[in-house]
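Listed in order, the protein sequences are those of chains A and B.
The opening residue of the first sequence carries number 1 in my numbering; numbering runs sequentially from there.
The opening residue of the second sequence carries number 1 in my numbering; numbering runs sequentially from there.
Just so it is clear, CB atoms sit at the ideal spot from N, CA and C, and this is done for glycine as well.
Keep in mind that this is a model prediction, so the values were computed, not measured.
The block underneath contains the structure these notes are about, expressed in structure tokens.
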Amino acid sequence: MMTSMQRVLTAIGQQEPDRVPLFLLTTLHGAKELGLSIRDYYSRAEHVAEGQLRLLAKYRSDCLYSFFYASIELEAFGGQTIFIDDGPPNGGGPVIHCAEDIDRLSPPRVADSPGLRRGLETIRLLKERVGDTVPIIGSVVAPFSLPVLQMGFADYIELIYEQPERFARLMAVNQAFCVEWANAQLAAGATAIGYADPLASTTNIPRALYLTTGFPVYRETIGRIKGPVALHLASGRGLPIADEIVAGGAAAVGVSALEDLADWKSAVGGRITVMGNLNGIEMRRWTSAQAEAEVKLAIARAGRGGGFILADNHGEIPWQVPDEVLLSIREAVDRWGRYPLDWVAAP
Amino acid sequence: MQQSANELHAALAALDRPRIEELFGAAVRRDGAMQAIEELMVPALIRLGEEWDSGQIALSQIYMSSRICEDIVERRLPPMAAERKSHPRMAIAVLSDYHTLGKRIVLSVMRASGFEILDYGRQEVEPLVERVLADAVEILLISVLMLPAALKVKAVRAALDARNARVKIAVGGAPFLFDPQLWREVGADAVGRNAADAVAIVRRWSEARP
Numbered sequence: 001m002m003t004s005m006q007r008v009l010t011a012i013g014q015q016e017p018d019r020v021p022l023f024l025l026t027t028l029h030g031a032k033e034l035g036l037s038i039r040d041y042y043s044r045a046e047h048v049a050e051g052q053l054r055l056l057a058k059y060r061s062d063c064l065y066s067f068f069y070a071s072i073e074l075e076a077f078g079g080q081t082i083f084i085d086d087g088p089p090n091g092g093g094p095v096i097h098c099a100e101d102i103d104r105l106s107p108p109r110v111a112d113s114p115g116l117r118r119g120l121e122t123i124r125l126l127k128e129r130v131g132d133t134v135p136i137i138g139s140v141v142a143p144f145s146l147p148v149l150q151m152g153f154a155d156y157i158e159l160i161y162e163q164p165e166r167f168a169r170l171m172a173v174n175q176a177f178c179v180e181w182a183n184a185q186l187a188a189g190a191t192a193i194g195y196a197d198p199l200a201s202t203t204n205i206p207r208a209l210y211l212t213t214g215f216p217v218y219r220e221t222i223g224r225i226k227g228p229v230a231l232h233l234a235s236g237r238g239l240p241i242a243d244e245i246v247a248g249g250a251a252a253v254g255v256s257a258l259e260d261l262a263d264w265k266s267a268v269g270g271r272i273t274v275m276g277n278l279n280g281i282e283m284r285r286w287t288s289a290q291a292e293a294e295v296k297l298a299i300a301r302a303g304r305g306g307g308f309i310l311a312d313n314h315g316e317i318p319w320q321v322p323d324e325v326l327l328s329i330r331e332a333v334d335r336w337g338r339y340p341l342d343w344v345a346a347p
Numbered sequence: 001m002q003q004s005a006n007e008l009h010a011a012l013a014a015l016d017r018p019r020i021e022e023l024f025g026a027a028v029r030r031d032g033a034m035q036a037i038e039e040l041m042v043p044a045l046i047r048l049g050e051e052w053d054s055g056q057i058a059l060s061q062i063y064m065s066s067r068i069c070e071d072i073v074e075r076r077l078p079p080m081a082a083e084r085k086s087h088p089r090m091a092i093a094v095l096s097d098y099h100t101l102g103k104r105i106v107l108s109v110m111r112a113s114g115f116e117i118l119d120y121g122r123q124e125v126e127p128l129v130e131r132v133l134a135d136a137v138e139i140l141l142i143s144v145l146m147l148p149a150a151l152k153v154k155a156v157r158a159a160l161d162a163r164n165a166r167v168k169i170a171v172g173g174a175p176f177l178f179d180p181q182l183w184r185e186v187g188a189d190a191v192g193r194n195a196a197d198a199v200a201i202v203r204r205w206s207e208a209r210p
């Protein structure tokens, strides 16, 4: 039997491993395992590392996920985080209050941010425990998407359309920060970086505009990150920019539940690994039989030939998803994910 | 009018403000403001909403075009203008969520469609219920992005029911798109899959009033 690392590397190498890799991207569930509030859980690297290891033992996912919450990057820029009891922490308001603030903005240093230091320490603790047997997935918010937190979605859309020079300056600042943060995680022991770029999705921005704004930023940023990157559009559609995602250099792409895994496999198969696309919102009320059916469907759509990792469609499984559903997903992968997938009809 | 509607739709998708102004201005001169809104603006906004729903256009286009429409319509038909459709009394809020873009777009689309609607901003359950009761709101539009916030609609429904308030609730936002059963589970009366759906829902409820 392969280790998780061997399994994932084989799949990313566009070969069939022993079974379909499963990235069960549970984050907040670590707090439940430790009996802590979400705020307390994220206050110490030891909590998050222990939570991730307990989740690994429980669900036998094929990765450890060191992601805390998106607004930890806002904290680095001087922003605040708002914690809630039953969901991911939220950004506590913009750090860019007017367009002129962009002219004065500079990239924060990773070493100066307590939150980011906790993230790095979490990765180091995980690496000490699993070595090279389980991939550790770090995370960054893409420079192109971070302004949604930094200045608010509406103001940022207006900036993209109306102030190209300030947009370019903001991208330069964010890119410098993103590259340092990603490479620090890789140096701490992360195997790969999850690159969350929801704004790149054609759900959020038209393809033509993306090609002149977000795409160059993505391509340049990936080129400066010293390790493999998985691009995630966080539930948004991406098929119309599939070729650009490949050309930009990501090793894997997260697929929305709004799209068909088979369409993605046809579009990018052999060039990039497809991850997805279990519906994390519906998952909350799945029965065991539904979980099995959904896993089976996803594997049937994209499993053959490798180049596929089963995951949720957003890059984070909601707090409300019960343990029983997650265990059912695990069992279904064990039952239906063994290669060769003889039960799946040839395309 | 159909040709003008098609032209307006094209201008909105391209965010061609001068052309939008020209087409709408011509319709107002010909038919008056309300008829231009009803027969030109609303169909174009509804078509854009459907196109976003099916992945043909992007949220940024919806946002920018709805802001242009809101601005143009408000110059012809200012807030609180007598011709605006202010009955039944309606309000919109972001519930327990810090993501306000969806509400902003719905508000713009509603105002560009000639409706007068109270903007409650971001609200938690209890203050929202109190404001709804104090303002005698009959239609409440709730926008969310996060699943925990979507689940709190159930508490709004329960609190309004406990006060015997006959308030129709329409919900919208990502969790309701990804789980088509969720709006019924939380006790909403309708779900909007895009911003322009709010217009159709409010129209339907307005026409069904006794």
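- Query: Under a Cβ-count criterion, where at least 16 other Cβ atoms within 10 Å of its own Cβ denotes burial, should residue 226 of chain A be classed as buried or exposed?
  - Reply: exposed
- Message: With H, G and I counted as helix, E and B as strand and the rest as coil, what does DSSP make of residue 3 of chain A?
- Response: coil
- Task: Using 10 angstroms around the beta-carbon of residue 1 of chain A, count the other beta-carbons present and answer buried if the total reaches 16, otherwise exposed.
- Result: exposed
- So, residue 89 of chain B versus residue 118 of chain B, is the Cβ gap smaller than 9 Å? Yes, the Cβ-Cβ distance between residue 89 of chain B and residue 118 of chain B is below 9 Å.
- For the beta strand (DSSP E) that residue 232 of chain A lies in, which residues bound it at each end? 229–232
- Neighbourhood of residue 34 of chain A by C-beta distance below 7 Å, restricted to the same chain and skipping five residues each side: For residue 34 of chain A, where only same-chain residues beyond five positions count, the Cβ hits under 7 Å are 41, 47, 50 and 51.
- Apart from the five residues just before and just after residue 79 of chain A, which ones in its own chain have a Cβ nearer than 8 Å to its Cβ? 71, 91, 92, 93, 94, 95, 149 and 150
- Message: Tell me the DSSP secondary structure of residue 146 of chain B in three-state form.
- Response: coil
- Item | Rounded separation between residue 130 of chain B and residue 93 of chain B - CA only | 13 Å
- Message: Run through chain B and tell me which residues come within less than 8 Å of residue 202 of chain A, C-beta to C-beta.
- Response: Per Cβ cutoff of 8 Å: 55 and 58.
- Message: Is there a Cβ of chain A sitting closer than 9 Å to that of residue 119 of chain B, yes or no?
- Response: no
- Collapsed DSSP secondary structure at residue 265 of chain A in the structure displayed: helix
- Query: Which value, in whole angstroms, describes the spacing of the CA atoms of residue 95 of chain B and residue 345 of chain A?
  - Reply: 46 Å
- Query: Which chain A residues sit within Cβ distance under 8 Å of residue 3 of chain B?
  - Reply: Those within 8 Å of residue 3 of chain B in chain A number zero; the least Cβ separation is about 25 Å.
- Is the region 100–109 of chain B touching the region 196–208 of chain B in the sense that three or more CB pairs, one from each, lie closer than 8 Å? yes
- Counting contacts by CB-CB distance shorter than 9 Å, is residue 61 of chain B in contact with chain A? By this cut-off, residue 61 of chain B is an interface position.
- Message: Within 9 Å of any Cβ in chain B, is that where the Cβ of residue 13 of chain A sits?
- Response: no
- C-alpha distance - residue 38 of chain B paired with residue 8 of chain A, whole-angstrom precision: 56 Å
- Query: Does residue 329 of chain A get closer than 9 Å to chain B when you measure Cβ to Cβ?
  - Reply: no
- In angstroms, rounded to a whole number, what distance separates the CA positions of residue 210 of chain A and residue 67 of chain B? 21 Å
- Query: Which residues in chain B sit within 7 Å of residue 351 of chain A, going by Cβ to Cβ distance?
  - Reply: With chain A covering 1 to 347 only, the question about residue 351 of chain A has no answer from this structure.
- Task: Check the Cβ of residue 174 of chain A against every Cβ in chain B and list those closer than 8 Å, keeping chain order.
- Result: In chain order: nothing, as chain B lies at least about 18 Å away.
- Query: Between the Cα of residue 132 of chain B and the Cα atoms of B:148, B:114 and B:157, which residue gives the shortest distance?
  - Reply: B:157
- Message: Would you call the region 4–17 of chain B in contact with the region 288–298 of chain A, where contact means no fewer than 3 C-beta pairs closer than 8 Å?
- Response: no
- Ordered list of alpha helix (DSSP H) runs contained in the region 31–55 of chain B, each at least 4 residues: 33–36 and 42–53
- Own chain residues within Cβ distance below 6 Å of residue 122 of chain B, not counting five before or after: 94
- Check the Cβ-Cβ distances between residue 235 of chain A and every residue of chain B, and say whether any is below 9 Å. True, the Cβ-Cβ gap to chain B drops below 9 Å.
- Message: Using only the alpha-carbon positions, how far apart do residue 222 of chain B and residue 203 of chain B sit?
- Response: Examination of residue 222 of chain B is not possible in this model, given that chain B is present from 1 through 210 alone.
- Leaving aside the five residues before and after residue 99 of chain B along the sequence, list all residues of the same chain whose C-beta is less than 6 Å from its C-beta, in chain order. Closer than 6 Å at the Cβ level, and outside the excluded window around residue 99 of chain B, lie 145.
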